Amino acid sequence: MEITVENEELSLKKRRQFSLSENMVESQQQLLPTNLAVFSGRRTSPLCAFASSILFIYVCGIGFYLWSSNFACRLRNFGDPAPVSLSSLAFDIEQRDRYIIIKNYIKPAIHADEKNTMTFATAAIFTDLSHMPEICGKWQGPMSVSVYAPGSDFKTALRKIFNLRLANSCIHQNVSWHLYFDTEFSPSWHKIRSAEEEAELTTTTSGSYDVWIKGTFKSHGHLPFPANIGRNVAIQESKTRYVLVSDLHYYPSINIIPRFLELLKFQGPTGNRVYVLPVFKMAGYGKPPETKSELVQMTAEGNIVLPSGTLDCTQCNIFPHARKWLEVRSPDDTLSVYYVSREKEEFESWQPYYIATKDIPFFDEDQIKEGKFDRKLQLLELCLQHYEFHILDNAFLVQVQEVSETIKDVNILKSFIQHNNQAREKKVEDLLCRYGSDTGCSM
Ligand SMILES: *[C@@H]1O[C@H](CO)[C@@H](O)[C@H](O)[C@H]1NC(C)=O
């Protein structure tokens, strides 16, 4: 049976209020009789008075403990009467703004050799995960993936992840998973259990939300995708020094990791710089190219088109001197820098994907994916910090056809865009204060 999200939210609130007040009544019942006994007891001797004051302090101590743990819990916004004992869990839970993130909820089976590899870091919703086997197969290294999964999407996402792990050894060995959701659409009313239990592989207790037959909880609730929180978490939780920050609709060419690490050996000290992977686009469906030779050939055949844009921006994948890039040919097994972009005007429309060190400026967590240009503020900050954009030759990303859900309600979409624009304007003002107005970066 489908109930609307609003109803669900209402009933949740009711449950929350109910369980809080229930808890208060309970603790009063526990404390009052004992206190009364202490106060009403006739004082027979100083020793007895001393003993009762000790008892009184003891009872107060317990009372304070109960109160403070409940308070800490309310601070965490779990609305859960039982405090979440974080220490007994094998994973980290963090709250950021109105989202809760479970970091490293499902860990990879093997520990990567951190010095000799790098991490593919991304944020996704569960419908994007069907790209994972292909991408992992091409990447052949550690991946750090944040999945936004509110309400019933949580369980669906976990099941999908476990299926992927069962079916694909690369994913099983190499992917660490972080899950996140809105505080008010927390999947578990009580403690968050292990991922296996939450996916209900080992228990049969029912979850708090109905699973939608069609579409996602996210789409039924018109919830925006806070991709930047997921990106930041995926980057922070990477175990390697270098990360490729990308999206799941972009398939990397093969052998990027060993060739990139080889390239670094010849690249003096790396100051503020990122290594950009040019983006090309599949004209239709089919197998994406894995090497530049294949890419060039497929372009000639019309199966690959020159970079252009995405659903959210028409020009953001256009990189400087793109046509020429196809003409420059070096052996497929080498990797070099094709062009260094220091031109600040280029970032007016360009939103490149790149390899960077883990300590790059954060993505702005106020920006939401559906509000468009959600990565722009981060790129602006890179520009303000004089980052160089080294465009790689022989390594690239191929944009495949997106099948992800889009928000069809025009008014909701408009409100998301407005949200991003307003939040961005405010941030740009902050940045102008910090860096001055004469920066040459397009704001
Ligand atoms: C997992 O990553 C390692 C490198 O960390 C790679 O050598 C291995 O091939 C990957 N596993 C699979 C099954 O692809």
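Be aware that the sequence shown starts at 4, since it is given in our numbering, and climbs by one per residue.
Think of the CB as a built atom: it goes at the ideal place given N, C-alpha and C, for glycine as much as any other residue.
Note that the structure is a prediction, hence the values are computed from the model and not measured.
DSSP three-state call for residue i: helix, strand or coil?
| i | result |
| --- | --- |
| residue 434 | helix |
| residue 265 | helix |
| residue 293 | coil |
| residue 239 | helix |
| residue 353 | coil |
| residue 285 | strand |
| residue 421 | helix |
| residue 135 | helix |
| residue 401 | strand |
| residue 427 | helix |
| residue 223 | helix |
| residue 376 | coil |
| residue 344 | strand |
| residue 410 | coil |
| residue 109 | strand |
| residue 326 | helix |
| residue 442 | coil |
| residue 333 | coil |
| residue 140 | helix |
| residue 197 | coil |
| residue 165 | helix |
| residue 231 | helix |
| residue 170 | helix |
| residue 156 | helix |
| residue 321 | coil |
Looking only at its own chain, which residues have a Cβ that is under 7 Å from the Cβ of residue i, when we skip the five neighbours before and after it?
| i | result |
| --- | --- |
| residue 329 | 299, 302 |
| residue 99 | 232, 368 |
| residue 448 | In this structure the chain extends from 4 to 446, so residue 448 is not present and cannot be described. |
| residue 404 | 285, 288 |
| residue 430 | 367, 380 |
| residue 378 | 354, 366 |
| residue 103 | 96, 183, 184, 186, 189 |
| residue 101 | 185, 186 |
| residue 426 | 369, 370 |
| residue 163 | 129, 132 |
If I measure Cβ to Cβ from residue i and keep anything under 6 Å in the same chain, skipping five residues before and after, which residues do I get?
| i | result |
| --- | --- |
| residue 225 | 415 |
| residue 127 | 150, 251 |
| residue 249 | 125, 356 |
| residue 113 | 176 |
| residue 410 | 373, 416 |
| residue 387 | 438, 442, 444 |
| residue 336 | none |
| residue 122 | 145, 147, 241, 243, 246 |
Going by DSSP, which residues form a beta bridge with residue i?
| i | result |
| --- | --- |
| residue 103 | 98, 184 |
| residue 146 | 123, 178 |
| residue 247 | 123, 358 |
| residue 396 | 339 |
| residue 391 | 276 |
| residue 189 | Bridge partners of residue 189: none, in fact. |
| residue 151 | 128, 183 |
| residue 307 | 285 |
| residue 255 | 400 |
Using a Cβ-Cβ cut-off of 8 Å (strictly less than) and excluding sequence neighbours within five positions of residue i, which residues of its own chain qualify?
| i | result |
| --- | --- |
| residue 338 | 259, 262, 263, 265, 266, 395, 396, 397, 398 |
| residue 326 | 309 |
| residue 391 | 274, 275, 276, 277, 343, 344, 345 |
| residue 181 | 104, 105, 106, 107, 108, 147, 148, 149, 150, 233, 236, 237, 240 |
| residue 331 | 341, 396 |
| residue 134 | 251, 252, 254, 403 |
Counting only beta-carbon atoms, is residue i nearer than 9 Å to chain D?
| i | result |
| --- | --- |
| residue 177 | Considering every chain present, this structure includes no chain D. It has just one protein chain. |
Can you list, in chain order, every residue whose CB sits closer than 7 Å to a heavy atom of ligand 1? Cβ-based neighbours of ligand 1 within the cut-off: 113, 115, 116, 120, 139, 140, 143, 144, 145, 172, 173, 176, 177.
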